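What follows is one structure encoded as structure tokens, with my remarks underneath.
Protein chains in written order, with our numbering: chain A, 1 to 288; chain B, 1 to 288.
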């Protein structure tokens, strides 16, 4: 990692990972991925953005100077362990939605394997619109790691903070954004359960006119991604606990997303009525 | 209660109660209050809006055809019990922020004493600006009770629903409004605890530009009222539980407001920094 360009291993080019991969490729790096055990859609995305298939994690770790981990929160520690087991001695960038404590744990794992560590958190939608998303990096080599992202579309921001700061920022941002959206969906479900849904919408139109549409957009935009947010809410609750703050907001948000997890991979988002029925754990009639 | 005007007992003309009282007076009713055990500020408000002092609850209950209860959530059941013990046989309107279940319990209490019951919930700020607040009423006599409020400034809406609907609507509205604000304050505290407060504000300015100012307004507007919201959050959590929804959002919101309860009756709202320190249960230096 003398200059900007490096050989970088990307684990894994999923939806957000491919936006990160496209950024690293745009910056002039050779970006490897490991197809072993990954699905057809991941391969398609990897080829589309110009990644090289190293085949296995082992070959990827041997060739890469930098590894960037973009995984669901529950898998983040396992990815780090697998890389550490291969005695990877380059720079490991964890870009996952995990608590600062989990980030520090991941750092210790990869450092014991011989790597250096940068903590990161990605904020913004998983698309390749320039400036849509930012990766916040922290730790001693944050500024150097940020150079790899200089070309965008994902922008990098090196925080003036230790390992944990990048993850903490992600937890705070998502804690509001996804916590608030889970609460709003739960409120719609509560009003429906009590038979006052229409009255609530009418009151909102008077006093909070943007909320009716926002509540429906929230259901539309989040139901199919809800399965991914369950682990993230757990990490946020842990972050709250570490700071001596109550965990209930995100324990509850996790439960809301868990009840919507069945919409993973559905062709279209559920209607508001269907989502509310799922949140209330009511069985909807077939075809309804 | 043959026409619009009645003799109405108001328990009690506090901040929100006096907006309700002014409405009832404007509608042509004689409105009584009971000064026994109430403070100087309540007396001042009562006189200002033209209420007649019945002295004791007993004399109030003997003379009133209608009693309207506007009390903190934790006191709502006690007010109903005291009225029922006096064998009040008129119409009892509970306008408190309680769960539908608590509203139904209050209904049973006053009905056992011989009264008729209307369930209500007030939404909106405690001021006398016309149309600022609405009282939602439910139960068999909701439409008749609504007539008493016809002159405003507090508007009445009779819901087409049973006892419980008025309270449920209040719980849903406040569950979003006050739950969301508690979450936002907790997020500011989390970011401060992790040293990423400035970074979070900078990210919000990019992706959610209205949130930095909203988070500060939330602290400014709510800290001194927080003590009143603790019981309300408990009622909302119970409402969630009854609907089979997770209680954590409002368990946590209750804890947030509890940590701010010390700002009751302070001359000025706390600064953002002070409020954050209270949320993190950190002791701030004197004079800081």
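Note that the Cβ used here is the ideal one computed from N, Cα and C, for glycine as well.
All values reported here derive from a predicted model rather than from experimental measurement.
Answer with yes or no whether the minimum CB distance from residue 281(A) to chain B is below 8 Å. Locating residue 281(A) in the first chain gives position 281, counting from the first residue. Yes, because at least one Cβ of chain B sits closer than 8 Å to the Cβ of residue 281(A).
Enclosing alpha helix (DSSP H) for residue 18(A) [first to last residue]: Along the first chain, read from residue 1 onward, the residue named residue 18(A) stands at position 18. Start and end: 15-26.
Counting Cβ pairs closer than 8 Å, one from the region 66-77 of chain B and one from the region 90-98 of chain B, do we hit at least three? Segments in contact, yes.
Is it buried or exposed, residue 112(A), if we count other Cβ atoms within 10 angstroms and call 16 or more buried? Position 112 of the first chain, counted from the first residue, corresponds to residue 112(A). Under this definition residue 112(A) is an exposed residue.
According to DSSP, simplified to helix, strand and coil, what is residue 116(B)? For this step, residue 116(B) is matched to residue 116 along the second chain. Three-state DSSP puts residue 116(B) in a strand.
Return yes when the Cβ of residue 134(B) is within less than 8 Å of the Cβ of residue 118(B), no when it is not. Working through the second chain from its first residue, we reach residue 118(B) at position 118. Working through the second chain from its first residue, we reach residue 134(B) at position 134. No, they are not a contact pair.
Would you kindly work out how many angstroms separate the C-alpha atoms of residue 141(A) and residue 212(B), rounded to a whole number? Residue numbering aside, residue 141(A) sits at position 141 when the first chain is read from its first letter. Residue numbering aside, residue 212(B) sits at position 212 when the second chain is read from its first letter. Going from the Cα of residue 141(A) to the Cα of residue 212(B) covers about 29 Å.
Could you check if residue 188(A) is buried or exposed, using at least 16 other CB atoms within 10 Å of its CB as the buried criterion? In the first chain, the residue the question calls residue 188(A) occupies position 188. Residue 188(A) is buried by the Cβ-count criterion.
State the start and end residues of the unbroken alpha helix (DSSP H) segment that holds residue 76(A). Against the first chain, residue 76(A) aligns to sequence position 76. 76-85 is the extent of the alpha helix (DSSP H) around residue 76(A).
Cutoff 7 Å; reference residue 6(A); Cβ partners in own chain excluding five residues on either side: Here the question's residue 6(A) lines up with position 6 in the first chain. The residues are 29, 65, 66 and 148.
Please decide whether residue 180(A) counts as near chain B, where near means a Cβ-Cβ distance under 8 Å. Locating residue 180(A) in the first chain gives position 180, counting from the first residue. For residue 180(A), the answer is yes, since a Cβ of chain B falls inside 8 Å of its Cβ.
According to DSSP, simplified to helix, strand and coil, what is residue 30(A)? One-based indexing of the first chain puts residue 30(A) at position 30. Here residue 30(A) sits in strand by DSSP.
With the cut-off set at 8 Å, would you say residue 103(B) and residue 167(B) are in Cβ contact? The count along the second chain starts at 1 and reaches residue 103(B) at position 103. The count along the second chain starts at 1 and reaches residue 167(B) at position 167. Yes, the pair counts as a contact, with Cβ atoms nearer than the cut-off.
Which bits of chain B does residue 118(A) rub up against, with CB to CB less than 9 Å? The sequence position of residue 118(A) within the first chain is 118, counting from 1. Going along chain B, no residue has its Cβ under 9 Å from residue 118(A), so there is no contact; the nearest lies around 16 Å.
Please compile the residues from chain A whose C-beta is within a distance smaller than 8 Å of the C-beta of residue 100(B). As a working note, residue 100(B) is residue 100 in the second chain. The contact set of residue 100(B) on chain A, defined by CB atoms closer than 8 Å, consists of 194 in chain order.
For a quick check, are the C-beta atoms of residue 50(A) and residue 25(A) less than 8 Å apart? Within the first chain, residue 50(A) is the residue found at index 50, counting from 1. Within the first chain, residue 25(A) is the residue found at index 25, counting from 1. Against a cut-off of 8 Å, the Cβ pair of residue 25(A) and residue 50(A) comes out as a contact.
Where does residue 294(B) land, buried or exposed, given buried means 16+ other C-beta within 10 angstroms? In the structure as shown, chain B begins at 1 and stops at 288. Residue 294(B) is therefore absent and cannot be evaluated.
Would DSSP call residue 276(B) helix, strand or coil? Position 276 of the second chain, counted from the first residue, corresponds to residue 276(B). In the structure shown, residue 276(B) adopts helical secondary structure according to DSSP, grouped into three states.
Start-to-end residues for the alpha helix (DSSP H) that takes in residue 240(B): By 1-based counting over the second chain, the position of residue 240(B) is 240. For residue 240(B), the enclosing alpha helix (DSSP H) stretches over residues 226-242.
Beta-carbon within less than 7 Å of residue 120(A)'s beta-carbon, same chain only, minus the 5 sequence neighbours each way: which residues are those? Within the first chain, numbered from 1, the residue matching residue 120(A) stands at position 120. 93, 94, 95, 135, 136, 137 and 166.
Between residue 161(A) and chain B, is there a C-beta pair that is closer than 8 Å? By one-based count along the first chain, residue 161(A) stands at place 161. At least one CB of chain B lies nearer than 8 Å to the CB of residue 161(A).
Hey, would you say residue 100(A) sits closer than 8 Å to residue 239(A), going by beta carbons? Taking the first chain and counting its residues from 1, the one referred to as residue 100(A) is at position 100. Taking the first chain and counting its residues from 1, the one referred to as residue 239(A) is at position 239. The answer is yes: Cβ separation under 8 Å.
Alpha helix (DSSP H) runs contained entirely in the region 128-182 of chain B, provided each spans 4 or more residues: Secondary structure remark: continuous alpha helix (DSSP H) runs of at least 4 residues inside the region 128-182 of chain B, in chain order: 142-147.
Closer than 7 Å, Cβ to Cβ, to anything on chain B: give me those residues from the region 231-245 of chain A, in chain order. Listed by position, the residues of the region 231-245 of chain A near chain B (Cβ gap below 7 Å) are 239, 240, 243, 244 and 245.
So which of 265(B), 257(B), 268(B) and 267(B) has the shortest CA-CA distance to residue 278(B)? By 1-based counting over the second chain, the position of residue 278(B) is 278. Of all alpha-carbon atoms in 265(B), 257(B), 268(B) and 267(B), the one lying nearest the alpha-carbon of residue 278(B) is that of 257(B).
Taking residue 225(B) as the reference, give the member of 259(B), 27(B) and 199(B) with the closest Cα. Within the second chain, the letter at position 225 stands for residue 225(B). Residue 259(B) is the option with its Cα nearest to residue 225(B).
Can you find a C-beta in chain A that's less than 8 Å from the C-beta of residue 221(B)? Reading the second chain from its first residue, position 221 is the one you call residue 221(B). Not an interface residue.
Measure how close the beta-carbons of residue 182(B) and residue 16(B) come, nearest whole angstrom, since I'm counting them as under 8 Å. Walking along the second chain from the start, residue 182(B) turns up at place 182. Walking along the second chain from the start, residue 16(B) turns up at place 16. At roughly 20 Å, the Cβ-Cβ gap does not stay under 8 Å, so residue 182(B) and residue 16(B) are not in contact.
Start-to-end residues for the alpha helix (DSSP H) that takes in residue 207(B): Against the second chain, residue 207(B) aligns to sequence position 207. Secondary structure note for residue 207(B): its alpha helix (DSSP H) is the uninterrupted segment 197-207.
On the three-state DSSP scale, how would you describe residue 92(A)? On the first chain, position 92 is the one that residue 92(A) refers to. DSSP places residue 92(A) within a strand segment (E or B) once states are collapsed to three.
Can you tell me the Cα-Cα spacing of residue 2(A) and residue 262(A), whole angstroms? Walking along the first chain from the start, residue 2(A) turns up at place 2. Walking along the first chain from the start, residue 262(A) turns up at place 262. Here residue 2(A) scores only 43 on pLDDT, less than 50, and its place in the model should not be relied on; the value that follows carries that caveat. If you draw a straight line from the Cα of residue 2(A) to the Cα of residue 262(A), it is about 46 Å long.
Excluding the five sequence neighbours on either side, which residues of its own chain have a C-beta within less than 6 Å of the C-beta of residue 9(A), listed in chain order? Within the first chain, the letter at position 9 stands for residue 9(A). 32, 60, 64 and 67.
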